[in-house]
Amino acid sequence: MNQEAPVITAAHIRKAFGSKVVLEDISLEVRKAETFGLLGPSGSGKTTLVRLLTGIEEADSGEVHVLGVKVPRLSLLSQIGYMAQSDALYSELSAKDNLEFFASLYGLRKERRTKRIREVMEIVDLQEHLLKKVNQYSGGMKRRLSLAIALLHEPPLLILDEPTVGIDPVLRKSIWKELKALNERGTTIVLTTHVMDEAEKCDRLGMIREGRLLAEDTPANLLQATGASSIEEAFLYYGGVHS
Ligand SMILES: Nc1ncnc2c1ncn2[C@@H]1O[C@H](COP(=O)(O)OP(=O)(O)OP(=O)(O)O)[C@@H](O)[C@H]1O
Numbered sequence: 005m006n007q008e009a010p011v012i013t014a015a016h017i018r019k020a021f022g023s024k025v026v027l028e029d030i031s032l033e034v035r036k037a038e039t040f041g042l043l044g045p046s047g048s049g050k051t052t053l054v055r056l057l058t059g060i061e062e063a064d065s066g067e068v069h070v071l072g073v074k075v076p077r078l079s080l081l082s083q084i085g086y087m088a089q090s091d092a093l094y095s096e097l098s099a100k101d102n103l104e105f106f107a108s109l110y111g112l113r114k115e116r117r118t119k120r121i122r123e124v125m126e127i128v129d130l131q132e133h134l135l136k137k138v139n140q141y142s143g144g145m146k147r148r149l150s151l152a153i154a155l156l157h158e159p160p161l162l163i164l165d166e167p168t169v170g171i172d173p174v175l176r177k178s179i180w181k182e183l184k185a186l187n188e189r190g191t192t193i194v195l196t197t198h199v200m201d202e203a204e205k206c207d208r209l210g211m212i213r214e215g216r217l218l219a220e221d222t223p224a225n226l227l228q229a230t231g232a233s234s235i236e237e238a239f240l241y242y243g244g245v246h247s
């Protein structure tokens with residue numbers, strides 16, 4: 005059992021856009037060096053929740069603390085590697101120039117910058133496309149470059165919104181291997197997914213449906229508690245769809 009203070013604590017989060025309530029009374033904790041997966045169908049509120057955790061979006065009520073600090077806080081930005089669902093890249097620039105830009109934003113000095121750019125491009129298997137303009141990249145390549153940028157400054161917390169969408173199974177496997185290696189080195193990871201086999205790879209899962217957290221536990225415990233034979237079945241169970 006990890007006795008350290010949680011890296012993320014969200015308490016009674018509520019968020020509405022106009023009259024539409026998108027998140028209702030969400031409370032959760034993410035522990036140091038774990039991979040916490042947010043699993044839920046399209047439109048269930050996963051992106052809104054991770055945006056609240058980063059401080060990009062503000063809750064109507066409830067509080068989020070990250071690394072002991074109340075969100076939003078500018079100083080937290082250097083502590084978080086955030087990969088949004090839509091890629092925030094400069095398409096007229098090369099991958100290298102994009103990486104250089106974000107590296108300078110994070111204050112990486114020249115030597116470390118060069119080393120890290122090489123390392124992160126290897127992780128996402130784009131080293132041969134470093135000088136190519138982003139507008140010549142495929143959708144999957146852009147996702148991989150976005151992941152590389154999130155990893156660049158070696159933040160203690162990674163928040164990844166659907167990081168492996170559009171990425172082929174072989175590379176997906178190697179990216180998961182890297183995420184697990186980062187866990188072992190102390191990095192905490194929060195990611196969203198609606199892919200069940202990815203959900204099983206997370207240390208703990210939060211199941212979200214219609215803005216509510218249905219359950220939160222390890223994949224094994226969720227299976228045991230529901231008597232389900234798959235995460236998909238467990239999700240349906242908590243969603244009230246008993247077979
Ligand atoms: N800025 C916004 N203004 C109004 N409605 C919004 C806004 N952002 C999100 N929503 C709505 O909030 C709900 C949850 O959206 P969200 O993107 O958080 O879901 P999601 O689970 O991440 O979905 P997906 O897996 O498709 O990305 C949706 O109904 C969406 O239309």
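Residue 5 is where the sequence shown starts when you use our numbering, and the numbers rise one by one after that. Yeah, the Cβ is synthetic: ideal placement off N, Cα and C, and Gly gets one too.
The Cβ neighbour count for P159, taken over all protein chains shown within 10 Å, is at least 16; the residue is labelled buried. Taking E166 as the centre and dropping the five residues before and after it, the same chain places the C-beta of Q89 and T196 closer than 6 Å to its C-beta, in chain order.
In this structure T52 does not touch V34 by the C-beta definition: roughly 17 Å separates them, more than the 8 Å allowed. Spatial neighbours of T168 in its own chain (CB-CB distance under 7 Å, excluding positions within 5 residues in sequence) are listed in chain order as R176, I179 and E202. Around the beta carbon of P223, a 10 Å sphere encloses 16 or more other beta carbons of the protein chains shown; the residue is thus reported as buried. Around the beta carbon of S48, 16 or more other beta carbons sit within 10 angstroms, so the residue counts as buried.
A check of alpha carbon separations from E132 across L164, E115 and S98 identifies S98 as the nearest.
Residue side-chain check: H198 places its Cβ nearer than 7 Å to a non-hydrogen atom of ligand 1.
Short note on F21: C-beta closer than 7 Å to some heavy atom of ligand 1. DSSP lists no bridge partner for Y242. Relative to ligand 1, the beta carbon of T52 is positioned inside 7 Å of a heavy atom.
For K19, the enclosing beta strand (DSSP E) starts and ends at I12 to F21. Spanning the alpha carbons of S31 and L135 requires a straight line of approximately 44 Å.
Counting only the Cα atoms, L112 lies some 47 Å from T230. Here the distance from the Cβ of S48 to the nearest heavy atom of ligand 1 is below 7 Å. Annotation for G44 indicates a beta carbon within 7 Å of some heavy atom of ligand 1.
The region 57 to 67 makes contact with the region 17 to 26, as at least three CB pairs between them are under 8 Å. Here the alpha carbon of R147 sits roughly 11 Å from the alpha carbon of D172.
Here T222 carries a coil assignment [DSSP, helix/strand/coil]. In the structure shown, T168 adopts coil according to DSSP, grouped into three states.
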